[in-house]
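> Handing you this structure, nothing more for now.
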Amino acid sequence: MTAALLCFLLAGPVLLVTGSPVYNSNNETVPLVLWHGMGDSCCNPLSMGAIKKMVEEEISGIYVLSLMIGKTVIQDTENGFFLDVNEQVSMVCSQLAQDPKLKGGYNAMGFSQGAQFLRAVAQRCPSPPMKNLISIGGQHQGVYGLPRCPGESSEICNMIRKALNSGAYSDLVQKHLVQAQYWHDPLNDDLYKKHSLFLADINQERAVNETYKKNLQLLEKFVMVKFLRDTVVDPVVTEWFGFLKTGQAKETETLQESVLYKEDRLGLAAMDKAGKLVFLTSDGDHLQFTREWFQENLLPYLK
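Residue 80 in this note's numbering sits at position 15 of the sequence shown; the count goes up by one each step and never skips.
Right, dumping it as structure tokens:
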């Protein structure tokens, strides 16, 4: 299994091109926490390692923490597939609370599934305070399909597909397959709401947790990036908190058209009216962007 998982380290690397660094003359930099996506790791030199290095070049003196879920890079990658998301979030909350460099607050940047995991951190663990949350290709209303699972021909992707198709909401699959915990089947809405261990909870699908709602609204900005040529995430509108309309699997709806927004179950409508929600696009495939695009669109939220 370890050998199979190693092939995922190069899955969907972020495309960076050379550019001139822009240094911040202000020594009081805000720390940055990164959480990688499925099949990746904290320290892959072609993805998270490159992002960490670039941010450190762009903002002089910044502290960047790229989260490792486990004790090794291999464990980190494996846990992105098989470790209960709620347990992962709890581990991260504890790690952040114990890091003295973060006690004054931090910005967070999540890539793909790491984005909704960091949103759970914001909702569940307000100390230390998360200032800005930047979601890069995150699936905030979940996914309904794996059209191009990283490592297309690998045994693991086939296993994930079979498990999701045959029983995404069984207790066994929910507990032991990360992707099942944000699998959102619009054709089986009641089953999803009842058995989803992670997504249905953080999206207030069963009941409104006022603490979640209050904590999320503490963010200064919630930035969501959607990739216009995304071939990985289905449906792509989930990257802007939209999804498929309930009861069918063709028509989508925006966040603003959803019950979640209209009833303001998570505080997103209030945040939107206050100018706290930012919707950005990148004209590329999943997690593909240039350094110049990053400088222009995301760097301002990290200073």
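Positions of the beta carbon are idealized from the N, C-alpha and C atoms, including for glycine.
Touching or not, the stretch 234-248 and the stretch 165-173, by the rule of three or more beta carbon pairs under 8 Å?
No contact exists between the stretch 234-248 and the stretch 165-173.
> Can you tell me whether Ser347 is buried or exposed, with buried defined as 16 or more other CB within 10 angstroms of its CB?
Answer is buried; the Cβ neighbour count reaches 16.
> List the endpoints of the continuous beta strand (DSSP E) containing Leu325.
Premise fails: Leu325 lies in the alpha helix (DSSP H), Val324 to Lys327, not in any beta strand (DSSP E).
> Whose CA, out of Leu320, Glu285 and Asp350, lies closest to the CA of Tyr366?
Closest by alpha carbon: Glu285.
> Quick one, which of Asn268, Gln140 and Trp100 has its alpha-carbon nearest Phe308's?
Phe308 has its Cα closest to that of Asn268, out of Asn268, Gln140 and Trp100.
> Using a Cβ-Cβ cutoff of less than 6 Å, which residues in the same chain neighbour Leu262 once the five nearest sequence positions on both sides are dropped?
Taken in chain order, the residues that qualify are Gln239 and Gln246.
> In the DSSP output, what is Ile199 paired with across the bridge?
According to DSSP, Ile199 bridges with Met174 and Val288.
> Provide the residue(s) that pair with Leu130 in DSSP beta bridges, ordered along the chain.
Bridge partners of Leu130: Val98.
> Rounded to whole angstroms, what is the Cα-Cα separation between Phe306 and Val208?
Distance between the alpha carbons of Phe306 and Val208 is about 11 Å.
> For the alpha helix (DSSP H) that contains Thr276, what are its first and last residues?
Its alpha helix (DSSP H) spans residues Glu275 to Leu281.
> Could you round the C-beta distance between Leu99 and Leu130 to whole angstroms and report it? I think they count as a contact, below 8 Å.
Confirmed, about 7 Å.
> For the 8 Å Cβ check, are there 3 or more pairs between the stretch 134-141 and the stretch 320-327?
No, they do not touch.
> Just to confirm, is the Cβ distance from Ser177 to Val290 under 8 Å?
No, they are not a contact pair.
> Would Glu143 be called buried (16 or more neighbouring beta carbons within 10 Å of its own) or exposed?
Under this definition Glu143 is a buried residue.
> Going straight from the alpha carbon of Val138 to that of Thr276, what length do you get?
Cα to Cα, Val138 sits roughly 34 Å from Thr276.
> Tell me the residue span of the alpha helix (DSSP H) that contains Leu352.
Taken as a continuous stretch (DSSP letters only), Leu352 belongs to no alpha helix (DSSP H), as it is neither H nor E.
> State the DSSP-derived secondary structure class of Glu361, mapped to helix, strand or coil.
In the structure shown, Glu361 sits in a helix (DSSP, three-state: H, G or I).
> Distance, Cα to Cα, Phe287 vs Ser323?
C-alpha separation (whole angstroms): 18 Å.
> Classify Thr303 as buried or exposed, calling it buried when 16 or more other Cβ atoms lie within 10 Å of its own Cβ.
By the 10 Å Cβ count, Thr303 comes out buried.
> Check for me: the alpha helix (DSSP H) holding Ile116 runs from which residue to which?
Residues Met113 to Glu123.
> Give me, in chain order, the residues of the same chain whose beta-carbon lies closer than 7 Å to that of Leu183; leave out the 5 immediate sequence neighbours on both sides.
Excluding sequence neighbours, Leu183 sits near Trp100, Ala173, Gly175 and Leu198.
> Rounded to a whole number of angstroms, what is the C-alpha to C-alpha distance between Pro251 and Val301?
One C-alpha to the other measures close to 15 Å.
> To the nearest angstrom, report how far apart Tyr128 and Glu121 are at their CA atoms.
Between Tyr128 and Glu121, the C-alpha separation is close to 8 Å.
> In angstroms, rounded to a whole number, what distance separates the CA positions of Met336 and Thr311?
Their Cα atoms are separated by approximately 24 Å.
> Taking Cβ to Cβ, would you say Ser125 is nearer than 8 Å to Ala162?
No.
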